[in-house]
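Report on the structure given below.
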Amino acid sequence: MFDYVKKGMTKTERMQQVLDWIEEADAVVVGGASGLSTANGFDYYNHHTPFFEKYFGDFGKIYNEPSAWQLLYHRYNCDEERWAYMARSGAVMLDLEAGQTYKDLYELVKDKDHYVITTNQDAQFSKVFDSNKIFTIQGDAHWMQCSECCSEEIYPSEETLHRLNASIIDGRLKTEDVPHCPKCGAVMEPWVKSFIFQYGEYWNKEAEKYKAYLESHVNDKVLFLGLGIGRMTPEFIKHPFMNMTYNWPDARCAFLNLGEPEPIKELEDKSVALNVDILETLQEMVAMKNGVEYKKAVNE
Ligand SMILES: [Zn+2]
Numbered sequence: 018m019f020d021y022v023k024k025g026m027t028k029t030e031r032m033q034q035v036l037d038w039i040e041e042a043d044a045v046v047v048g049g050a051s052g053l054s055t056a057n058g059f060d061y062y063n064h065h066t067p068f069f070e071k072y073f074g075d076f077g078k079i080y081n082e083p084s085a086w087q088l089l090y091h092r093y094n095c096d097e098e099r100w101a102y103m104a105r106s107g108a109v110m111l112d113l114e115a116g117q118t119y120k121d122l123y124e125l126v127k128d129k130d131h132y133v134i135t136t137n138q139d140a141q142f143s144k145v146f147d148s149n150k151i152f153t154i155q156g157d158a159h160w161m162q163c164s165e166c167c168s169e170e171i172y173p174s175e176e177t178l179h180r181l182n183a184s185i186i187d188g189r190l191k192t193e194d195v196p197h198c199p200k201c202g203a204v205m206e207p208w209v210k211s212f213i214f215q216y217g218e219y220w221n222k223e224a225e226k227y228k229a230y231l232e233s234h235v236n237d238k239v240l241f242l243g244l245g246i247g248r249m250t251p252e253f254i255k256h257p258f259m260n261m262t263y264n265w266p267d268a269r270c271a272f273l274n275l276g277e278p279e280p281i282k283e284l285e286d287k288s289v290a291l292n293v294d295i296l297e298t299l300q301e302m303v304a305m306k307n308g309v310e311y312k313k314a315v316n317e
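With my numbering applied, the sequence shown corresponds to residues 18 to 317, in that order.
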């Protein structure tokens, strides 16, 4: 059995507890949400960040929007404008290097049997973790779908996104460059969560694989490790992690996020909360794991 949580632990003790649980676990289920990407400066939500200005500044000026999130939901006049932004956004996601948080997280769990579930659509996990063990529950930048949902098929997007991104002029694509469904001719849509999101064969297969992984570990020592999960969509990762920790005999959960609240009473002896800067804390935990002194980076 895992140890139960002691009361009143310091931050260092909590980090050590999580490291001990990883070390002892039969399986680690990693849940990653937007805070895990934002911690690297990949900020799709806040206004006029350096990340936004670098990759989307031209679109921000043309369409008078302050963030990638708002550009995504901007009311474009035509598909040529909207798909220009989609192409830029998707190409940036696919081309960015893996963020430090993802590399450090991998360092912590790489020796253990693990599986990833993520609400992030930015393809960051796939740059570091085994793609066969990642369930992108809200889709991701690697795929497109038909906007009319004429079939369950989803289509690889990489070649299209790069070609289109290279042909944007003044925030627009040429009409002939707007991608269309090969089956029915409707305009394509990125395969990311929306009212028409395609829960087709691929998504169901991935969901079944994740479910089977969970079911094979019900009676094992399982650590649910959630990172960067805010208040926007806790129903996909956080609440299921808490339910399974409560119901499974030897499961524990740990959540790292800026503003992370203390565990609910029902889970206080099986759960650790770290209200921390994820970037710094994961680096600190990697140093602790490797038995080296952690030196905080200067010039931050
Ligand atoms: Zn179609």
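Even for Gly, the Cβ is constructed at its ideal location relative to N, Cα and C.
These numbers were taken from a predicted model, which means no experiment stands behind them.
Counted within 10 angstroms of its Cβ, other Cβ atoms place residue i as buried (16 or more) or exposed
{"i": "Ala229", "result": "exposed"}
{"i": "Met32", "result": "buried"}
{"i": "Thr27", "result": "exposed"}
{"i": "Ser174", "result": "buried"}
{"i": "Ile39", "result": "buried"}
{"i": "His131", "result": "buried"}
{"i": "Gly74", "result": "exposed"}
{"i": "Glu317", "result": "Residue confidence for Glu317 is low, a pLDDT of 46 falling below 50, so the modelled location carries little weight; the figure read from the coordinates is stated next. Exposed, by the Cβ-count rule."}
{"i": "Ser143", "result": "buried"}
{"i": "Glu252", "result": "exposed"}
{"i": "Glu30", "result": "exposed"}
Nearest-angstrom Cβ-Cβ length linking residue i and residue j, presumed shorter than 8 Å
{"i": "Gly116", "j": "Ser54", "result": "6 Å"}
{"i": "Ser84", "j": "Gly245", "result": "Incorrect: roughly 18 Å between the Cβ atoms, too far for contact."}
{"i": "Ile134", "j": "Cys166", "result": "Their Cβ separation, rounded to whole angstroms, is 24 Å, which puts Ile134 and Cys166 out of contact at 8 Å."}
{"i": "Glu325", "j": "Gln162", "result": "This structure gives no information on residue 325, because the portion of the chain shown stretches from 18 to 317."}
Where the alpha helix (DSSP H) through residue i begins and ends
{"i": "Arg31", "result": "28-41"}
{"i": "Glu124", "result": "117-126"}
{"i": "Trp100", "result": "96-112"}
{"i": "Gln87", "result": "85-89"}
{"i": "Pro251", "result": "Premise fails: Pro251 is in no alpha helix (DSSP H) and is neither H nor E."}
{"i": "Val303", "result": "295-307"}
{"i": "Trp220", "result": "218-232"}
{"i": "Arg180", "result": "175-182"}
{"i": "Glu288", "result": "The sequence as given places Ser at residue 288; Glu does not occur at that position. No alpha helix (DSSP H) holds Ser288; the beta strand (DSSP E) holding it covers 288-292."}
{"i": "His256", "result": "255-264"}
{"i": "Gly52", "result": "51-55"}
Heavy atom of ligand 1 within 6 Å of residue i beta-carbon
{"i": "Lys222", "result": "no"}
Extent of the continuous beta strand (DSSP E) to which residue i belongs
{"i": "Pro67", "result": "That residue, Pro67, is in no beta strand (DSSP E); its alpha helix (DSSP H) goes 67-80."}
{"i": "Pro207", "result": "205-209"}
{"i": "Leu273", "result": "268-274"}
{"i": "Thr135", "result": "131-135"}
{"i": "Leu244", "result": "239-244"}
{"i": "Thr153", "result": "151-153"}
{"i": "Cys396", "result": "Residue 396 is absent from the structure shown; the chain starts at 18 and stops at 317."}
Report task. Output the residues surrounding ligand 1, defined as those with a CB atom closer than 6 Å to any ligand heavy atom, in chain order. Result -> Spelled out in chain order, the answer is Cys163, Glu165, Cys167, Cys198, Lys200, Cys201, Ala203.
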